[in-house]
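Chains as they are written, first to last, in the numbering used here: chain A, -12 to 153; chain B, 4 to 430.
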């Protein structure tokens, strides 16, 4: 059941990230083409930046699900089971608290920004900034879906990866 | 709260396996609440949002996407074929071809991890079949992949330029000569190994074969060069050049080679999205802590403290090189750039080092960091393809790392090597 939920969540995030990435590429390409045709799109920079932020937060939840965030797992893997579990759970608590605060204050900021639009195009800031609370909640969901496996891995001395690199 | 306390707090969280981006965020939140009260947290979502909207960094996903599309369109084996046709008559031909193919692939890819995966998956099995040891095969492909980040385009350079607020185009130009020198020196060491171990020669040199393989690879080689030319000539910005590279890659894959491998491409796009997100979350979180550090003037105080000890720029560069080499043992390159560069920039300016020159030093240094375990992303990819042990491979790779260290010393202490072309192009 949990494994199926995990997989479904992962597939959904994967398609969202692919779509956002392609949209970003298309938008920048159109921006360049229109500029060279002497008819620049005024909202090109601003929308491209918004799309980058969306790739960041939907992608960050996917990265959390795949344990791809950059870290230094060397130390906890040297601990024996009990202290390792304590350290890992403390770390998880910090992660969850951070994203809970980000979601909570993200919603409060959305309430304050209600009615504002972007500078170059009539798009509500409510839409563009929604990625912060939504992304934070998706991140929390990813951490919780991984939690059983995280706890289970503390029993062995399996090394975890240090995340992705460029 | 002093910068030292913040640093220790981040370190403590990282040690219990909190991802670095989130460790920065957690410490920044505590610092914000401690100094300005709960309501300061209204800034949290705002900074985390604007921190992720940096326009120049859009080049990162676009260069990743372009590389992924080109790789899914069968470009790597064409580049390997061309390099083999050129170098096949020399002893240890496959090892030299691996370095040669990396020199070509570097104009397409800005990522050493992408390079090692693309070239390694073809040449490591080939080398093993020809009797090269798996450790040597992994080492040569791993170390030559470093050329991808030194020769433009380069994703670490895009990141550095944004963090240091300097010209990415000049950085790209500065990478050309050191990249070529690095490639030739790596070939020299590979040849020395080949003679010592009596590795085989592949084939006699035939101009006809070079011509055939060149025609096959020509599109893959020429389009990136045109795009880089456009960036250097100021016709397009680096971000726009990256977008054009995506179009060029699609053109080559769909129209010219007609062999776009969709499952492979989909997987590469997912990985590219994740890489982008991981780096951008770090950028956003470091912006959060950065606002606080700027408030307490930590970078300026560090610059003043070091400048008080010495204003000898060569000594400062030696110390910074040492710092980055140590960080490279434990940290991925993107994290090291995002964490350290904004903090040391005032120091760089105080002792009169050109930020473009420093950018190249950081790029080469962290390229070495991708080779040095325990945390060595590129080496680990090569080892997993070769099914070799990381530490056994390092015993061979140490010679190639020595070459890269030599390049680092040259780049650091002979500024003319990276900077001459920059001065020729941009005065």
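By construction, the Cβ of each residue, glycine as well, lies at the ideal position given by its N, Cα and C atoms.
Let's test the definition: count the other Cβ atoms within 10 Å of the Cβ of residue i and tell me whether it reaches 16, buried, or not, exposed.
| i | result |
| --- | --- |
| residue 1(A) | buried |
| residue 123(A) | buried |
| residue 383(B) | buried |
| residue -5(A) | exposed |
| residue 262(B) | exposed |
| residue 415(B) | buried |
| residue 398(B) | exposed |
| residue 400(B) | buried |
| residue 41(A) | buried |
| residue 114(B) | buried |
| residue 315(B) | exposed |
| residue 62(A) | exposed |
| residue 373(B) | buried |
| residue 426(B) | exposed |
If you draw a straight line from the alpha carbon of residue i to that of residue j, how long is it in whole angstroms?
| i | j | result |
| --- | --- | --- |
| residue 134(B) | residue 48(B) | 56 Å |
| residue 280(B) | residue 428(B) | 34 Å |
| residue 366(B) | residue 159(B) | 6 Å |
| residue 289(B) | residue 3(A) | 25 Å |
| residue 216(B) | residue 257(B) | 20 Å |
| residue 231(B) | residue 179(B) | 11 Å |
| residue 402(B) | residue 94(B) | 18 Å |
| residue 140(B) | residue 380(B) | 16 Å |
| residue 84(A) | residue 39(A) | 25 Å |
| residue 295(B) | residue 5(B) | 10 Å |
| residue 74(B) | residue 430(B) | 36 Å |
| residue 187(B) | residue 122(B) | 18 Å |
| residue 70(B) | residue 214(B) | 25 Å |
| residue 89(A) | residue 69(A) | 30 Å |
| residue 389(B) | residue 117(B) | 16 Å |
| residue 251(B) | residue 157(B) | 17 Å |
| residue 387(B) | residue 124(B) | 10 Å |
| residue 322(B) | residue 203(B) | 43 Å |
Give the residues of chain A in contact with residue i, contact being defined as C-beta atoms less than 7 Å apart.
| i | result |
| --- | --- |
| residue 315(B) | Simply none; closest approach about 32 Å. |
| residue 378(B) | 149 |
| residue 242(B) | 15 |
Going along chain A, which residues have a C-beta under 8 Å from residue i?
| i | result |
| --- | --- |
| residue 20(B) | 58, 59, 60, 62, 63, 74, 75, 78, 147 |
| residue 333(B) | 59, 61 |
For residue i, which option in the options has the closest C-alpha, if you only look at C-alpha atoms?
| i | options | result |
| --- | --- | --- |
| residue 76(A) | 43(A), 97(A), 131(A), 24(A) | 131(A) |
| residue 100(B) | 89(B), 315(B), 142(B) | 89(B) |
| residue 16(A) | 242(B), 169(B), 232(B) | 242(B) |
| residue 137(A) | 71(B), 185(B), 200(B), 19(B) | 19(B) |
| residue 393(B) | 121(B), 150(B), 142(B), 63(B) | 142(B) |
| residue 185(B) | 368(B), 333(B), 410(B), 171(B) | 410(B) |
| residue 465(B) | 253(B), 345(B), 268(B), 209(B) | Past the boundaries of the shown model lies residue 465(B); chain B is included only from 4 to 430, so the question cannot be answered. |
| residue 36(B) | 67(B), 246(B), 291(B) | 291(B) |
| residue 154(B) | 28(B), 38(B), 126(B), 110(B) | 110(B) |
| residue 24(B) | 284(B), 346(B), 316(B) | 284(B) |
| residue 150(B) | 194(B), 92(B), 103(B) | 103(B) |
| residue 222(B) | 194(B), 31(B), 248(B), 369(B) | 248(B) |
| residue 27(B) | 11(A), 116(A), 78(A) | 78(A) |
| residue 27(A) | 107(A), 37(A), 126(A), 9(A) | 107(A) |
| residue 270(B) | -11(A), -10(A), -3(A), -12(A) | -3(A) |
| residue 126(B) | 236(B), 342(B), 144(B) | 144(B) |
| residue 344(B) | 329(B), 334(B), 361(B), 335(B) | 361(B) |
Note down, in chain order, every chain B residue with its Cβ under 8 Å from the Cβ of residue i.
| i | result |
| --- | --- |
| residue 42(A) | 64, 276, 279, 280, 283 |
| residue 32(A) | 58 |
| residue 11(A) | 61, 64, 65 |
| residue 102(A) | In chain order: nothing, as chain B lies at least about 16 Å away. |
| residue 16(A) | 246, 247, 249, 250 |
| residue 108(A) | Going along chain B, no residue has its Cβ under 8 Å from residue 108(A), so there is no contact; the nearest lies around 15 Å. |
| residue 119(A) | 48, 51, 52 |
Against residue i, what residues of chain B qualify as contacts under a CB-to-CB distance less than 7 Å, listed in chain order?
| i | result |
| --- | --- |
| residue 82(A) | 21, 25 |
| residue 50(A) | 277, 280, 281 |
| residue -4(A) | Ordered by position in chain B, no residue passes the 7 Å Cβ test against residue -4(A), which lies about 14 Å from the chain. |
| residue 93(A) | 48 |
| residue 25(A) | Chain B residues near residue 25(A): none, gap ~15 Å exceeds 7 Å. |
| residue 96(A) | 45, 48, 49 |
| residue 35(A) | 58, 61 |
Show which residues of chain A have a CB atom less than 9 Å away from the CB atom of residue i.
| i | result |
| --- | --- |
| residue 269(B) | 1, 5 |
| residue 100(B) | Going along chain A, no residue has its Cβ under 9 Å from residue 100(B), so there is no contact; the nearest lies around 25 Å. |
Counting only Cβ pairs nearer than 9 Å, list the residues of chain B close to residue i.
| i | result |
| --- | --- |
| residue 131(A) | Those within 9 Å of residue 131(A) in chain B number zero; the least Cβ separation is about 15 Å. |
| residue 124(A) | Here the premise fails: no neighbours, minimum Cβ distance about 13 Å. |
Looking only at its own chain, which residues have a Cβ that is under 7 Å from the Cβ of residue i, when we skip the five neighbours before and after it?
| i | result |
| --- | --- |
| residue 112(A) | 100, 103, 104, 105 |
| residue 205(B) | 87, 91, 96, 97 |
| residue 353(B) | 306, 310 |
| residue 120(B) | 384 |
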